[in-house]
Amino acid sequence: MKVLRQPMKRGCYPDVFTYTTLIEAICKESGVGQAMKLLDEMRSNGCEPVVVTYNVLIKGMCTEGRLDDAIKFLNNMPSYGGQPNTITCNTILRSLCSIGRWVDAEKLLSGMMGKVDTAVEILDQLSTTGCSPVSITYNTVIGGLVKDGRTERAFKLLYEMQEKGLKPDIVTYSSLLDGLCREGKVDEAIQFFNNFVRLGLRPNAMIYISLMLGLSKAGQTDRAIDFMVDMVSKNCQPTESSYMIRIRGIASEGLVKEALELLEELCSRGLVKKNPAKQLLSRRR
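Structural data, given as C-alpha cells:
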C-alpha cells in the first residue's frame with residue numbers, strides 16, 4: 048500500500064481499476080484480511096467498489112477456505128452497494144461443491160430462484176468445470192424453472208441428469224408433473240405419471256393432488272376422482288390441509304364450480320369437513 052502514498056500526497060487518487068488490481072495482489076500475497084483494509088481505504092477516498100472488486104475478495108476467502116465468511120459477504124453485498132453476478136455465486140458454489148457441502152450449495156441456489164436464468168447458468172458452469180452437481184442441486188433449479196412457468200426447460204435438466212448417471216427422485220418427478228399440470232398438459236402429465244410408476248417409484252400424496260388439480264382445471268373432474276380413488280386404494284392419503292390447499296388453488300383461479308365438485312366428493316368420503324370448506328369457497332364467488 049506504500050505504492051499509493053506518494054501519488055495520493057500529490058492529489059492523484061487511484062481509480063477503481065487500480066484499487067481492484069491492488070486488492071487482488073494483496074489477497075494473494077498477504078491474505079484477505081489485509082485486502083479488506085485496502086477496501087476500507089478505497090471507500091474512505093470516495094472510490095466505490097464494483098462487483099469485480101467484491102468478486103476478487105470472495106475468491107480470496109474461498110481460496111483460504113473461509114467459505115462461511117464468503118457466503119456472509121455475498122449476502123451483505125447489496126448493503127455495500129453491489130449486486131452479485133454469476134461469477135460471484137459460481138465462485139462460492141464451486142468451492143462448496145469441491146468439499147461436498149451440497150446442502151449449503153442447495154441453499155445458495157434456492158436463494159437465487161428469483162433469478163432462475165442465473166441459477167441455470169451456474170449449474171451449467173459447475174458441470175463444465177469438473178464440479179458435478181448432485182440430484183439435490185438439480186432439483187432446486189428444476190423446481191425454480193417450473194415455478195417460473197418453464198417446464199420444457201426443466202425437462203431438459205431431467206435428461207441432463209440422466210445422461211450424467213444421476214438418478215432423479217420423487218422430488219424431481221413431482222416438480223415436473225406439477226409443471227405439466229400447471230400448463231394444462233394433463234394428458235402428458237398422466238403419461239409421465241405412468242412412466243415413473245413403471246420405474247418403480249411410488250407417487251406421494253402431493254403428486255396425486257397435482258394431478259387432481261390439473262384434471263379439475265381442465266374440466267375433467269371424473270378423471271380427477273379416479274386418481275383420488277387410486278391414491279386412497281394405495282394407502283397414500285394426505286391430510287385435510289393438503290386437500291384444502293389444492294381446492295383453494297382451483298377456486299382462486301376462478302374454477303369455483305370445479306372446486307366444489309371435487310370438494311363434494313372428498314366430503315362424501317369423509318376426507319374433508321364440509322361446512323368450513325364450503326364457507327371458504329363461498330367467499331371466493
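The sequence shown: position 260 = 307 (this note's numbering), numbered continuously.
No residue lacks a Cβ here, since even glycine has one placed at the ideal position from N, Cα and C.
Leaving out the 5 sequence neighbours to the left and right, which residues in its chain are closer than 6 Å to Glu-308 when beta-carbon positions are compared?
Thr-268
Straight-line Cα distance separating Gly-190 from Leu-204
11 Å
Buried or exposed by the 16-neighbour rule on C-beta atoms within 10 Å, applied to Ser-351
In the structure as shown, the chain starts at 48 and stops at 332, and residue 351 therefore has no counterpart that could be examined.
Distance, Cα to Cα, Tyr-127 vs Tyr-101?
10 Å
Three-state secondary structure assigned by DSSP to Pro-125
helix
Of the listed residues Lys-194, Glu-199, Thr-135, nearest to Gln-172 (C-alpha basis)
Thr-135
Since Cys-228 and Ser-182 are thought to touch, with beta carbons under 8 Å apart, how far apart are those beta carbons, to the nearest angstrom?
In fact, because the Cβ distance is near 22 Å, the residues do not count as touching under 8 Å.
Leaving out the 5 sequence neighbours to the left and right, which residues in its chain are closer than 7 Å to Arg-270 when beta-carbon positions are compared?
Leu-262
Do the CB positions of Phe-202 and Leu-223 come within less than 9 Å of each other?
yes
Roughly how many angstroms separate the alpha carbons of Pro-54 and Asp-62, rounded to a whole number?
Interpretation of Pro-54 is limited by its pLDDT of 47, a score under 50 that renders its predicted location unreliable; no figure is taken from the coordinates.
Unbroken stretches of the alpha helix (DSSP H), 4 residues or longer, contained in the stretch 57 to 137:
63 to 76, 79 to 91, 98 to 110, 114 to 127
For Asp-195, the three-state DSSP class (helix, strand or coil):
coil
Within 10 angstroms of the Cβ of Asp-216, are there 16 or more other Cβ atoms? Answer buried if so, exposed if not.
exposed
Looking at Val-79 and Met-108, is the spacing between their C-beta atoms short of 9 Å?
yes
Alpha carbon to alpha carbon, how far is Val-188 from Leu-140?
14 Å
Identify which residue in Gln-130, Glu-207, Ser-77 has its Cα closest to the Cα of Val-167.
Glu-207
How far does the alpha helix (DSSP H) with Ala-236 in it extend, from its first residue to its last?
233 to 245
Cβ-based burial, Lys-264 [other Cβ within 10 Å; buried from 16]
buried
Less than 8 Å between C-beta atoms, sequence neighbours within five positions excluded: which residues of the same chain meet that for Met-83?
Leu-104
Counting C-beta neighbours from all protein chains within 10 Å, is the total for Phe-239 16 or more, i.e. buried, or is it exposed?
buried
I need the DSSP call for Gly-190, collapsed to helix, strand or coil.
helix
Classify Glu-312 as helix, strand or coil using the three-state DSSP reduction.
helix
Can you tell me whether Lys-214 is buried or exposed, with buried defined as 16 or more other CB within 10 angstroms of its CB?
exposed
Buried or exposed: which applies to Val-50, given that a residue is buried once 16 or more other Cβ atoms fall within 10 Å of its Cβ?
Because the pLDDT at Val-50 is just 49, under 50, the model does not fix this residue reliably, and the value given afterwards should be weighed accordingly. Classification for Val-50: exposed.
Leaving aside the five residues before and after Lys-56 along the sequence, list all residues of the same chain whose C-beta is less than 6 Å from its C-beta, in chain order.
Summary for Lys-56: the model assigns pLDDT 48, below 50, so the residue's position carries little reliability; its value from the coordinates is reported in the next sentence. Cβ neighbours of Lys-56 beyond the five flanking positions: none.
Could you say which of Leu-318, Asp-273, Leu-260 lies nearest to Lys-304 if we only look at CA atoms?
Leu-260
Return the residue from the list Ser-221, Arg-249, Leu-246 that minimises the CA-CA distance to Ala-236.
Ser-221
Between the Cα of Cys-283 and those of Gly-266, Pro-250, Asn-132, spot the shortest distance and give me the residue it belongs to.
Pro-250
Compute the Euclidean distance between the alpha carbons of Thr-68 and Lys-154, then round it to the nearest angstrom.
31 Å
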